[in-house]
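Terminal number for the sequence shown in UniProt numbering: 429, no gaps in between. The beta carbon of each residue, even a glycine, is placed where N, CA and C say it ideally should be.
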Amino acid sequence: MRAIAPHLRGRPCAPGKRREEKKCARNLRNRCKEEGEDYAVVNFYHLVDLEDVSQEAELHRRFCSEKDIRGRIYISSQGINAQFGGKKEDALAYADFVEGRPAFRGLRYSVEDCEGHAFPRLAIREKQWLIPLQGGTVDLPVTDPSCRATPLSPAEWKKMIQRQEQEGSKPILLDVRNGYEWDAGHFRGASRPPVDVFRETPTTRGVEEAFPELKEAEEGQPILMYCTGGIRCDIYSTWLKQQGFDQLYTLEGGIANYLRSEGDDEEVWKGSLYVFDQRLATYRDKPAATGCYHCGGPVVPAAHINCANADCNWHFLCCEACREKFRSCCSTECMHADRLRPVLERGGRYERMHEYVDGSDEERWQRGEGTRRRRRQWRARLRLRRAEKVASKLRGLGLSSPSSTNEESAASASTDEMESASAARTRHG
Ligand SMILES: [Zn+2]
Ligand SMILES: [Zn+2]
């Protein structure tokens, strides 16, 4: 039996009963929207000491079991971090429920209207830490506001950047996110994070290794840090403060809050805002801050795709024309791989590989057998070639090239985030 359903090879296939059944089940599960219902995405986090994490999580599970919401809700002894969505009424009811809990009093949440469900399922997890950071965060006093950076309102943030520019000094802007988020959009003047995945930001070695800008910081020079919603800055600034930096400022509520209140003025902000749900980006009508991986041209809508080769799954920016030309693949090599998934017309995330095949392979892939090994082998093969491509592009721009480990990180990040069952890891701010 063929490993891949013929329609994935670009040939018509007889509509077998089994395949039709699978398609129906898939549509039902992915049913995005009920007519006449409003949907929303809600984000919040709250850093606070919690004594009984299990009991707290159980209460949240019970409340959510009667609501139509999906997303990631992580609870640890250091607080809560939640990105979820669903029927607006239900999503807001849950946010109000959390805000009403004595431990989370004062919590603030953001609400964005959305077309249907933005997350595939609901996961309420008890975690050791809310944000994965090398070395962990358990020993950091992240719940003490005096141990972290000073928050600036979006208006103050903008003024601070402009004032420093007027005074002739270049503000030190730290993008505390993953490298590929910077690719979609960033504040002008901020460098691409030196690691592709935030959780790999070194905290066990020198600060300069994490952000070279910090090495050049003069004494007393303000350091402005930002992330999507604020949690990554709150946690990372706690660590930076311990390293002796005291002129630290964060953007309150993160980029999401800034764009809502100050707008996406091109002089300050460039591109779209990467988000970790099925939309993949908001403010996506403008070109992404960096160009298409294949042709360098503008990417509109400014959202990432994953390589259609399930054994590669690389997360990258690709323009519409190249998506068609390369069938959503990152390379011609991937276009001829065995485990190809169909081109997703509107982007977004793929189903698990076994959803696309029939027969004995379905069962094998359902168990995930060999997936890790295949990906490892595939990546090893592509890594060098891809690193060379990125390096030559950067050389063309007059920038230095990233290390090959960054390439590996990018690949593993996309694997983790976009497809694997354990995708729900907190790395949001
Ligand atoms: Zn292109
Ligand atoms: Zn690929």
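(1) Residue 87 lies in the beta strand (DSSP E); which residues open and close that run?
(2) Determine the burial state of residue 308: buried for a count of at least 16 other Cβ atoms within 10 Å of its Cβ, exposed for fewer.
(3) Quick check on residue 278: buried or exposed, where buried means 16 or more other Cβ atoms within 10 Å of its Cβ?
(4) Any heavy atom of ligand 2 closer than 6 Å to the CB of residue 330?
(5) Along the chain, where does the alpha helix (DSSP H) that runs through residue 239 open and close?
(6) At a threshold of 6 Å, does residue 438 count as lining ligand 2 (C-beta to nearest heavy atom)?
(7) Do you know how far the Cα of residue 214 is from the Cα of residue 267?
(8) What's the C-alpha gap between residue 50 and residue 74?
(9) How is residue 112 classed by DSSP in three states: helix, strand or coil?
(10) Take every Cβ of the segment 92 to 111, pair it with every Cβ of the segment 241 to 250, and state whether three or more of those distances are shorter than 8 Å.
(11) Below 8 Å on the Cβ atoms is my contact criterion, and I expect residue 288 with residue 275 to pass it. Report the Cβ-Cβ distance as a whole number of Å.
(12) Just curious, the alpha helix (DSSP H) that residue 53 is in, first and last residue?
(13) Less than 7 Å between the C-beta atoms of residue 78 and residue 47, yes or no?
(14) Rounded to a whole number of angstroms, what is the C-alpha to C-alpha distance between residue 117 and residue 62?
(15) Does ligand 2 have a heavy atom nearer than 6 Å to the CB of residue 292?
(16) Identify, in the order they occur along the chain, each residue of the same chain with its Cβ nearer than 7 Å to the Cβ of residue 327, setting aside the five sequence neighbours on each side.
(17) Please state whether DSSP places residue 107 in a helix, a strand or coil.
(18) In angstroms with no decimal places, state the Cα-to-Cα distance between residue 90 and residue 72.
(19) In terms of residue numbering, what span does the alpha helix (DSSP H) encompassing residue 214 cover?
(20) Helix, strand or coil: which one does DSSP assign to residue 198?
(21) Leaving out the 5 sequence neighbours to the left and right, which residues in its chain are closer than 6 Å to residue 41 when beta-carbon positions are compared?
(22) Ligand 2 and residue 312: does any heavy atom of the ligand fall closer than 6 Å to the residue's C-beta?
(23) Where does residue 159 sit, in a helix, a strand or coil, going by DSSP?
(24) Do you know how far the Cα of residue 372 is from the Cα of residue 263?
(25) Could you check where the alpha helix (DSSP H) with residue 76 kicks off and where it finishes?
(26) Kindly list the residues whose CB is nearer than 7 Å to the CB of residue 374, restricted to its own chain and excluding five residues on each side of it in sequence; keep chain order.
(27) Rounding to the nearest angstrom, what Cα-Cα distance links residue 124 and residue 134 in this structure?
(28) Can residue 322 be considered in contact with ligand 2, in the sense that its beta carbon sits closer than 6 Å to one or more heavy atoms?
(29) If we count the other Cβ atoms within 10 Å of its Cβ and call it buried at 16 or more, is residue 106 buried or exposed?
(30) Taking DSSP as the reference, what is the three-state secondary structure of residue 257?
(31) Does any heavy atom of ligand 2 sit closer than 6 Å to the C-beta of residue 334?
(32) In this structure, how does DSSP classify residue 180 when only helix, strand and coil are distinguished?
(33) Cα separation between residue 291 and residue 67?
(34) Determine the closest residue to residue 52 out of 103, 65, 43 and 152, with distance taken between C-alpha atoms.
(35) With residue 177 and residue 228 assumed to form a contact (beta carbons below 8 Å), what rounded beta-carbon distance in angstroms separates them?
(36) What do you reckon, is the C-beta of residue 297 under 6 Å from a heavy atom of ligand 1?
In this structure, then:
(1) 79 to 87
(2) buried
(3) buried
(4) yes
(5) 231 to 242
(6) Given a span of 1 to 429 for the chain in the structure shown, any question on residue 438 remains unanswerable.
(7) 24 Å
(8) 13 Å
(9) strand
(10) no
(11) Contact flag wrong, Cβ pair sits at about 13 Å.
(12) 53 to 64
(13) yes
(14) 20 Å
(15) no
(16) 308, 335 and 343
(17) coil
(18) 15 Å
(19) 212 to 216
(20) helix
(21) 85, 112, 114 and 118
(22) yes
(23) helix
(24) 42 Å
(25) Taken as a continuous stretch (DSSP letters only), residue 76 belongs to no alpha helix (DSSP H), being part of the beta strand (DSSP E) at 69 to 76.
(26) 311
(27) 23 Å
(28) no
(29) exposed
(30) helix
(31) yes
(32) helix
(33) 40 Å
(34) 103
(35) 6 Å
(36) yes
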